[in-house]
Structure formats: C-alpha cells, structure tokens
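Okay, so here's the structure we're looking at.
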Amino acid sequence: MAIATPPTPAAARRMDRLEVMWQSRPGVLGWLTTTDHKRIGLLYFWTTLVLFGAGGIEAMVMRTQLIQPNNDLVSPGTYDELFTLHGLTMIFFFIIPMTTGAFGNYLIPLMIGARDMAFPRMNALSYWIFLGSAIFLYTSLALGMAPNAGWFDYVPLASKQYTPGHNIDFYALAIIFNSIASTLTAAQFIVTILKSRAPGMSFNRMPLFCFAFLAASFGLLFALPPLSADAIFLFLDRNVGTHFFDPSHGGAALLWQHLFWIFGHPEVYILIVPAFGIATSIIPAFTQRRLVAFPLVAIAELLVVFIGFGVWAHHMFATGMSTTALVFFAGATSMVVIPSTIQVFAWCMSFVLGVARFKTPLLFIAGFIFMFVAGGLTGIMFIAIPFDQQVTDTYFIIAHFHYIIFGAAVFPIFGGMYYWFPKVTGKLYFERPGQISFWLLFVGTNLLFFPMHIVGLLGMTRRIYTYPSNLGWTSYNVIETIGGYITLVGILVLFGNLVWSYLRGLPAGPDPWHGPTLEWTTSSPPPEYDFAVIPRVTSAYPNWDVEDREEDRRKLAGGVLVLDEGHEQVEVTPVDGWLSRVVEMPHDSPWPVLLALCLSLVFVMLLLQHFAIAGLMGILCLLTLLGWHSKEPEAA
Amino acid sequence: MNRLRRGRLAAAVVPLALLAAGCDRKQNALAPASHQSQDIATLFWWMTGVSVVGLAVVIGLLLLAWKRSGRRGAAADTHGSKPGERVGWYVVVIGGVAVPILLITALFVVANLFVIKTTEAPAANSTKRTILVIGHQWWWEVRYPGTSAVTANEIHIPVRTPVRLEVRTADVIHSFWVPELNRKIDTLPGTTNAIELYADAVGRYRGQCAEFCGLQHAHMGIWVDAEPPAKFRQWLAGQSRPAAAPKGALASAGRDAFMTGACADCHQIRGTSATSQVGPDLTHVADRQTLAALTIPNTPSYLHDWIRDSQRFKPGNLMPSFGGLPEQELRELVAYLEELK
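Protein chains in written order, with our numbering: chain S, 2 to 637; chain D, 139 to 479.
Below, the structure written as structure tokens:
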C-alpha cells in the first residue's frame, strides 16, 4: 500500500512541493554538502566497503604467510603491522561504520517514519570526520609506519622505549579521531530514535532494529570515553613525558588494559547488537510472522549491552589479578549469556512457527544463528576461569571471536545488503547467485575458523608470524588458508551479484518482500523526503496494518501531516510517541566538511608534534563552528 | 664457502633437525601431564559435550523450520492472534533462561571455585622449590633462588614435586605458558606473578610466550624438563658451579676473544670477567638443547652460524650478526663455548 503514486492531483502538488523543498544540490557539491541521511548512509557504505577490502587483503596476506611453517612471504615487522591494521580496520573502520553509519543512517529514519536524522549536519560531520580518520590511519601504511603492537596495543610494548617510531602515534591519534565520529553518530541515533519517530510509535511499537541501534548507541556513548582517555594517556606518555603507564614512576601498565577493555568488551556487543537488529528485521519479513516473544527480545537487546559493561576483565584473566576479582568478572560474564540465549530461541521459534522462505537474506540469518551459537558456546567456556587462562592468546580465542565477529556480525550485514538492496536501488537482486554466495561464505568461513579451535588447543599462540613444522599445526593452517580463499570467492560472488543486479535487475517496486516495517511503505529508492506524509503507526509491524496505510493516503489527499509548507519534520514524546511539535530542519551545508577538514589538520599537526600549529588549527575549527551557527539566508 | 653452503643447508633442515633434537611432547593442552592441566582438559571435554548438544538443538530447530515451511495450509501470520505464541514463549523461557542458568551455575561452581584452586601457585613457604623466570625480548631467563644457577630457555624441575614458579619481566609483557603442565600467566612490569608447575611424568614439555611482545614473539619458546629428583639435584649442582677454565689452545684463544670482544658486553660467564646480564647467561651454554629460545638446535655448526648471522635465523633479535669476525676467531669462540658444559 505504498504511496508511490499520488492518490489525487492535490496530493501530487504537495509531493512536488516536498520534492523541491528536500532536494540536494546537483553533482559533487551536492554530495559534499549533503545532509540527507540516505546519501550519508551511502557515503558510509562505499567508504566502509573500501576499508573492508583493505582489511580483507591484510587477512589474506596473513593467511597466505601461515600456509606453511617457516614461511617468509612477509617480514616479521610487516606481519605485525598487518594484524594490527586488520583488527583496527575491521572493528573501527568496517563493522561499526557499516552498521551504524551505513545501515543505521539509511534505515533508521525510514523505519521510524522520519524525513531525516534529528541533527542532519552533525550527521554529515560524523561521516567526514570518519573519512578523515580512515585516511589518517591508512597514511601510516603508505609511509611504512603502520601501528604494529596489535589492536589492543598493550603497554609497555607500545611505549616510546619499545616502539620508537610514529607507528603508535598514528594508532593513538587515529583512535581519538575515529571516536569523535562514533560519538557524534551515537548521540545522533539516540536523539533520533527517541524524538523523531512517527506519532503513535510508542516504545512498544518500535521496530526491534531501533531497539538494537538504541542499545548500540548508548553503548558507544559510554564506552568510547575510556578508550579516548586511554589513547590520550598513551600519546602523552609517548610525546610529552608523562608516566601514566610506567610503573617505575608510579604508573601502572595494567591501567592501559583496564581502560582499553572497559571500552573493548561493550564494544563486542556494540558490534553484534546492530546485527541482531538486522536479523530481527529479516526474520519477520521472511517468515511472515511477528517475532516470538517480542518484549523479551527488546529487553534482551538492551540488557546485553548494559551487562556488557561489567565483564571487561575477562580479557585479563591471565594477568595475575586476585582470584576474587576474577570470580566477580566471570560471574558478570555468565549473566550476559541469558539475554543472548533468549534471543537465539526467540529467533529459532519464529523460524519454526512462521512460514520460513529460505531466500538469500534468511539463509544469511540462519547461517548467522549457527555461527553465533557456535561462537557463543565457546564464549561460555571462558566463564571457566582456568580454561580461559589455558586458551587465551591462542588460536582458540581467534576462532571464538571470528565466529562472533565474522559469523554473527558480518553475516547479518551481508543478509541485510540483500534484504534492503531492492529498497536502496529499486532493483531486485538475482536469487541464485545470492544463494551460491551464501553457501560459499558459510563453507569458507567454517573451514577458515573451525580448525583454529583445534590448532589453538594444540598450542598455537596468536600473533606469531611463523611456526615450526614439528608441532602438528601445519595441516590445520593449510585448511584455514583454503577456507580463507573460499570466503574471498564468496565475497566476490556476493558483490559481483549486487553490481550485476544493479545493472540488470528487474524493478523491485516499493515492497517486494511484504516487509513489516515502514521503509517498505515508501517507494524504492525512497524520495529525498522519505515519506509523502508522516505515517500513522498503531503496531510494531506498521506495513502490515492495511487500514493505517489507507489512512496515510487519505491524509496525503487532505494535506494532514504532509508538512509541505517548510523543510520540516515532527517531534514526539520519547516514550509514548505523542506528537509534541513540528521542527524546522536545517538545509544542506558546506560547514560539516570544512570543520572535518580543519580537524584533520589538527591531528596531522599533533602527529608531527607541532603542538602550537595544532592549536591554531583548533582555533580554525572554532571559526568554522561560528560559520555553522551563523543565520543562513532565507532558503530560496 | 663450504661453510656457507653448509649453513644454508642447515637452515633448510632446521625443522627436521629440531624434530630430531628430541621433542618428547608437543604443546598440546589436551595431552595433560599434570593434575592441573588434566582438570582443565576434563572441563573442556565436558563443556564441549554440552555445547554440541546445545548446537544440535538450534540446528534441529532450524531444520524443523525448513521442513515446516512446505506444510500445507500455512498462511501468512501478520494479523490478529498469533498461533503458537504461547509455545514460543515456553521454549524461549525454558531454553533461553532456565536451562542456561542451571548449566552455567554448575560450570561456574566447578570451574571457578574448585578447578581454579589447583592451578594457583603454592604459598612460598609451603614448597621446597621456587624458580624465577624472567621474560626478555625474546628469550626466557631462568633462576634458582638460593643457588647461583642461571640458565636460559630451559627449566629443569623435579618430577612429581609442586614447584612455585614466579614470573617477572625485564621489558614488556610476556606470558609464560606450558599447556601440558598448567594454564598461562602473564609477566607484568613491576609485578611478580606466580603459578604452580608440576609434572606427573619424566619428560620434556614445550611452551612458548603467549602475549605479543614484539618482532620475535614467534620465536620465544621454552622447555620444561621434568627429571627424577636425584638427577635434578645433580643438574642444579652442576649449573650452580662457575665455568671451568678452557682446555686446549683453540678454546683458550676463544675465551680471550670472548672477554675482549663484543660478546662480554652482553653475556655473563660466571667465574670470568664477563658479568654483563643483557643477554642470556652462557656459563653452561653447551648443556642446553637449543639456541635462541628454541629457534635452532644447539650444535657447534649452528652456534657458529648463529654468531656469524643471528639476524638470518631470528630477524630483529637483539644480538647483532658478527659477520665481520674472521673465520679463525669464530672457530675459537665456538670451541670455547662448546666446552661450557
């Protein structure tokens, strides 16, 4: 019942007015100054895809190096840079920006019936800062000074004494730089989800996708400050002569680890909770059934992030902390299992009770459930402290978290790409190559990651650039590398299929899946104003409420909540979703990209230790903020 | 030239040679040789058994969904009452809340109240033997408090005797791990951590550094030799003695080269004027099985090649290659070091 065609001539005139009002500038300038959440989502998508390619190439070089013992494809130093960059890239520059930046930006306003994010310019700013931080990090690789102490970068190895080059300065600054972008994104999502929903969408009618992104955003907002503080301490220790981490001057090396993991464990849930959100969007659409135990799942999505803040020290069980502390953190870790098992059974029962259509997106979700359960079960094993202490820092842990991060975070991302492909492009993807790409990825990743459990138990430690031939590790490494190449082929088939579908796919129409949520009520691709009329919502599956969609058409014809008098969207009360007022939205602006550019210069100068010039660039940032806040001329 | 060729050949057969050098055991957490490691392995097998059941339940549900998806008369269920919702809730609450709470509580109690105790270090006053291991980039220094014995990359312990192993670091964080004997323990700057080391049977157990510690983290292995107590005592007495004076002209010339050359800048040989403790103590170097923390076997030929070109075997290690030394001097050094039993 989508409003793709206007019901009356008056409605057509209103839609034309909206079209003019919400138009972006043409050409490159349009992309540079855009505040449209869909365009920003696409910018995030393409950028993170390039970075995913970089992280993937790094992984494949490492796997190729490890295919035989005593191999010398890369030098030890290069190998260290590869695994450090691989971790940083996949976590900070692929999964977080892909889920929040790309999926969240594109879909959240469409799912809650809004015309844009709550703060569109801040949204643009977060993308440009993210882009700046990505270029900043990869400059280090081009200069041969990539970070090389692992993605968790333990001191004192990362101190100036043991790693004198600029490698770790790039690390510390890139982390701080990137967290600014993520913090902006997180704040933005929280406000958008709480305030910009369509009237009637009370909390209990909010799609689970939004619960997931709300949870992940709160997680980011509270997890990033300790990480930034940690990175600032590291930068100061290295370049100003402070001693935060130096025990010989009263500092503590373990402080780095605590602050890092206070961020780092919630981070794991921040990575996968949006994937849960994607799964809970795809499952109802492809089983044509409302999700089983909806309220429990919604609470579980929030709980998993909340409890995730109390478990960080389980990354540090081998550091010799007191047994009391270990047992406390193991206890917290066991609590976090429950919200996860609730969700697994809710998903599975929805599969069983609905009519599952195993198309590509749902196949990826079924694969995701398998991988998440497999990785989750080995995760539960780490509650047993002595077992954790036995296998931590071995390939067993690599296996565990790749099942979680590749299996449970990236599989839903791929499934989501297929699921929303028709919405974003207006074309249908080709089903058969889609299913082939799934099976290649499923077989490939299991071949790649499963033998790592075994080789880890056989004693293979992580982050070693080579290994001797007499420990029985070789055959497992060969299988893993073959699995890696199958995974690579799967990824190429996946993206090849999407490109081919974009060029040759059949028109999708607004709602090819009979999907449950609001994005399927508008045309594909959605118009720049998203919805011709702010939609009416009376349940958590609004696109299945036929009468409400008829009501929307009547409202459009009658000019109710069309908001075609200005560049406007509605604002609601956070819990009940009652309409509180109509707000004027800002127009496109060049200031976000200029501010991000000045901020990049600040970081470059900090890296070069020109602190005075960095300060001047900081003042330049403030000047752009003045421009940002100056009253703009009346829109033409 | 002949030497060089032999060196290359040797490098090519390093793995084979190491195999021959005698690794009784591998590095297998599931081949326990102590009661601690045995408990952890048992824990693992139980957890794996229960996990397989859990995974089977989930796969079963997904297969059931696949089978049911073709059922007749099934219609979209997007409106009105939700058939089966009550069953769904039962499964979610029982499978997702009740059963996991029971299983995890059991695991928590067994692992974290009982098994954990067995892996912890015995109190310093309750054991006769304490050994101190100090991690360096990229080798292990081993000391026996109460004696003057210092060695590297090889720990000898008496079999079936609880040993208190204290670990420290000279530089960055390392992690001491010999999986067949016990779980791992990190070495932290400014801190001494401890763990129990115990071996059920005479044998040699391999371990390696588990926390990334820089360029040659991959080549930081260690042997634990569990010996009958009498043999151990004899070994320790031998290690506690200072180095014997060189016999023969070649070895004597080697000693002079060692003391006056760069060697003495970093290495100690007890009983001589070489007292620096930057690199491994070489007082009884000829007694050891391997060089460079299990990187190559300790044979005269490897020792020769190692001194001449250590960077080839272990790129980035902190000992420079002494390629400029005349062949004669190299031979003298090797002759001297080979006498340090």
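A virtual CB, placed ideally from N, CA and C, is assigned to each residue, including glycine. Predicted, not measured: the structure shown is a model, and the values here were computed from it.
Inset, instruction - Give a yes or no on whether 7 Å exceeds the smallest Cβ distance from A348 of chain D to chain S. - result: As a position in the second sequence, residue 348 of chain D is number 210, starting the count at 1. Yes, A348 of chain D counts as interfacial toward chain S.
Legend entry - Closest residue to L270 of chain D among D:A412, D:I333 and D:L319 (Cα-Cα distance): Against the second sequence, residue 270 of chain D aligns to sequence position 132. The candidate whose alpha carbon is nearest that of L270 of chain D is D:I333.
Inset, instruction - Counting only the same chain and skipping the five closest in sequence on each side, list residues whose C-beta sits under 6 Å from that of L89 of chain S. - result: Position 88 of the first sequence, counted from the start, is the residue given in the question as residue 89 of chain S. Contacts found: W152.
Legend entry - Secondary structure of V350 of chain D, DSSP reduced to three states: The residue given as residue 350 of chain D occupies position 212 in the second sequence. The amino acid occupying residue 350 of chain D in the given sequence is Phe; Val does not appear at that position. F350 of chain D: coil per DSSP, three-state reduction.
Legend entry - Continuous beta strand (DSSP E) stretch holding V362 of chain D: start and end: The residue given as residue 362 of chain D occupies position 224 in the second sequence. V362 of chain D -> beta strand (DSSP E) spans G359 to E365.
Legend entry - DSSP beta-bridge partners of P296 of chain D: Reading the second sequence from its first residue, position 158 is the one you call residue 296 of chain D. According to DSSP, which records beta bridges pairwise, P296 of chain D is partnered with D:E365.
Legend entry - Min CB distance A249 of chain D to chain S below 7 Å: The count along the second sequence starts at 1 and reaches residue 249 of chain D at position 111. Closer than 7 Å: yes.
Inset, instruction - Using alpha carbons as the reference points, say which of D:A179, D:E477 and D:D177 lies closest to A389 of chain D. - result: Here residue 389 of chain D refers to the residue found at position 251 of the second sequence. It is D:E477.
Inset, instruction - Can you say whether R582 of chain S is buried or exposed, counting buried as having 16 or more other CB atoms within 10 angstroms of its CB? - result: The count along the first sequence starts at 1 and reaches residue 582 of chain S at position 581. Exposed, since its Cβ has fewer than 16 Cβ neighbours within 10 Å.
Legend entry - Under 7 Å (Cβ pairs) to chain S, residues found in the segment 207-238 of chain D: S207, A212, A214, D215, T216, H217, K220, G222, E223, G226, W227, V229, V230, G233, G234, V235 and P238
Legend entry - Closest residue to R290 of chain S among D:E223, D:D419, D:L199 and D:W183 (Cα-Cα distance): The sequence position of residue 290 of chain S within the first sequence is 289, counting from 1. R290 of chain S has its Cα closest to that of D:E223, out of D:E223, D:D419, D:L199 and D:W183.
Legend entry - H87 of chain S, buried or exposed, once every other Cβ within 10 Å from all chains shown has been counted against 16: Position 86 of the first sequence, counting from 1, holds the residue named residue 87 of chain S. With 16 or more other Cβ atoms within 10 Å, it is buried.
Inset, instruction - Could you tell me if C161 of chain D is buried or exposed, where buried requires 16 or more neighbouring beta carbons within 10 angstroms of its beta carbon? - result: Counted from its first residue, the second sequence places residue 161 of chain D at position 23. For C161 of chain D, the predicted model reports a pLDDT of 44, less than 50, meaning its position is unreliable; a value from the coordinates is still stated below. Buried.
Inset, instruction - Might you give, ordered along the chain, the residues of its own chain that have their beta carbon closer than 7 Å to the beta carbon of I41 of chain S, omitting 5 neighbours on each side? - result: On the first sequence, position 40 is the one that residue 41 of chain S refers to. If we look at I41 of chain S and ignore the five residues flanking it on each side, its Cβ neighbours are T35, N106, N124, A125 and Y128.
Legend entry - Beta carbon of S438 of chain S nearer than 7 Å to that of V356 of chain S: Against the first sequence, residue 438 of chain S aligns to sequence position 437. Against the first sequence, residue 356 of chain S aligns to sequence position 355. Against a cut-off of 7 Å, the Cβ pair of V356 of chain S and S438 of chain S comes out as no contact.
Inset, instruction - Indicate whether at least one CB of chain D lies closer than 7 Å to the CB of S581 of chain S. - result: On the first sequence, position 580 is the one that residue 581 of chain S refers to. Output row for S581 of chain S: interface = no.
Inset, instruction - List the endpoints of the continuous alpha helix (DSSP H) containing Q390 of chain S. - result: Numbered from 1 along the first sequence, position 389 holds the residue referred to as residue 390 of chain S. Run containing Q390 of chain S: I386 to V392, per the alpha helix (DSSP H) assignment.
Legend entry - Cross-strand partners of Q570 of chain S (DSSP beta bridge): As a first step, residue 570 of chain S is located in the first sequence; it is residue number 569 there, counting from the start. DSSP, once it has assigned bridges, lists S:V584 as partnering Q570 of chain S.
Inset, instruction - If I'm right that N320 of chain D touches Q174 of chain D with Cβ under 8 Å, what's the distance once you round it to whole angstroms? - result: The count along the second sequence starts at 1 and reaches residue 320 of chain D at position 182. The count along the second sequence starts at 1 and reaches residue 174 of chain D at position 36. About 5 Å separates the two Cβ atoms, so the contact holds.
Legend entry - Integer Cβ distance of I113 of chain S from R198 of chain S, believed to fall under 8 Å: Position 112 of the first sequence, counted from the first residue, corresponds to residue 113 of chain S. Position 197 of the first sequence, counted from the first residue, corresponds to residue 198 of chain S. Between R198 of chain S and I113 of chain S the Cβ distance is about 4 Å, and since that is below 8 Å, they are a contact.
Legend entry - M2 of chain S, DSSP secondary structure in three states: On the first sequence, residue 2 of chain S is found 1 positions in, with the first residue counted as 1. Note that M2 of chain S has pLDDT 40, beneath the 50 cutoff, so the model's placement of it is unreliable and no number is given.
Legend entry - Neighbourhood of G166 of chain S by C-beta, 7 Å cutoff - its chain only, sequence neighbours within 5 removed: Walking along the first sequence from the start, residue 166 of chain S turns up at place 165. Within the same chain, G166 of chain S has close Cβ partners M146.
Inset, instruction - Measure from the C-beta of Q391 of chain S to each C-beta in chain D and report whether the shortest distance is under 7 Å. - result: On the first sequence, residue 391 of chain S is found 390 positions in, with the first residue counted as 1. Judged by the 7 Å Cβ criterion, Q391 of chain S is in contact with chain D.
Inset, instruction - Classify P285 of chain S as helix, strand or coil using the three-state DSSP reduction. - result: The count along the first sequence starts at 1 and reaches residue 285 of chain S at position 284. Three-state DSSP puts P285 of chain S in a helix.
Inset, instruction - Could you name the residues of chain S that V362 of chain D contacts, counting a contact when the two beta carbons are closer than 8 Å? - result: Stepping through the second sequence from its first residue, residue 362 of chain D is reached at position 224. Ordered by position in chain S, no residue passes the 8 Å Cβ test against V362 of chain D, which lies about 13 Å from the chain.
Inset, instruction - Starting from the N-terminal side, write out each stretch of the alpha helix (DSSP H) that is 4 residues or longer and does not extend beyond the segment 162-208 of chain D. - result: 173-206
Legend entry - Straight-line gap, G208 of chain D to T288 of chain S (C-alpha atoms, nearest Å): Counted from its first residue, the second sequence places residue 208 of chain D at position 70. Counted from its first residue, the first sequence places residue 288 of chain S at position 287. One C-alpha to the other measures close to 12 Å.
Legend entry - Other residues of its chain near V288 of chain D: CB distance less than 6 Å, five sequence neighbours each side excluded: Within the second sequence, the letter at position 150 stands for residue 288 of chain D. Within the same chain, V288 of chain D has close Cβ partners R281 and D419.
Legend entry - Counted within 10 angstroms of its Cβ, other Cβ atoms place P267 of chain S as buried (16 or more) or exposed: Looking up residue 267 of chain S in the first sequence gives position 266. Flag for P267 of chain S reads buried.
Inset, instruction - State yes or no: is the C-beta of W227 of chain D within less than 7 Å of the C-beta of A294 of chain S? - result: As a first step, residue 227 of chain D must be located in the second sequence, where it is residue number 89. As a first step, residue 294 of chain S must be located in the first sequence, where it is residue number 293. Against a cut-off of 7 Å, the Cβ pair of A294 of chain S and W227 of chain D comes out as a contact.
Inset, instruction - For chain D, find out if any of its Cβ atoms is closer than 7 Å to the Cβ of W262 of chain S; answer yes or no. - result: Here residue 262 of chain S refers to the residue found at position 261 of the first sequence. No, its Cβ sits nowhere closer than 7 Å to a Cβ of chain D.
Inset, instruction - Would you verify that the beta carbon of M91 of chain S is, or is not, closer than 7 Å to some beta carbon of chain D? - result: Your numbering for residue 91 of chain S matches position 90 in the first sequence. Chain D, which has no Cβ nearer than 7 Å to the Cβ of M91 of chain S, makes this no.
Inset, instruction - Determine, using beta carbons only, whether C404 of chain D and S411 of chain D come nearer to each other than 7 Å. - result: Here the question's residue 404 of chain D lines up with position 266 in the second sequence. Here the question's residue 411 of chain D lines up with position 273 in the second sequence. Cβ distance not < 7 Å, so C404 of chain D and S411 of chain D don't count as in contact.
Legend entry - Close Cβ partners of Q390 of chain S (< 8 Å) along its chain, the five nearest in sequence each way excluded: Position 389 of the first sequence, counted from the start, is the residue given in the question as residue 390 of chain S. Only F318 and A319 meet the Cβ criterion.
Inset, instruction - Can you tell me which of S:F415, S:D531, S:I130 and S:V538 puts its alpha carbon nearest to the alpha carbon of I686 of chain S? - result: Residue 686 of chain S lies beyond the range of chain S shown here (2 to 637); nothing can be said about it.
Inset, instruction - Can you check the segment 386-442 of chain D for any alpha helix (DSSP H) of at least 4 residues that lies completely inside it and give the ranges in chain order? - result: 387-398 and 401-404
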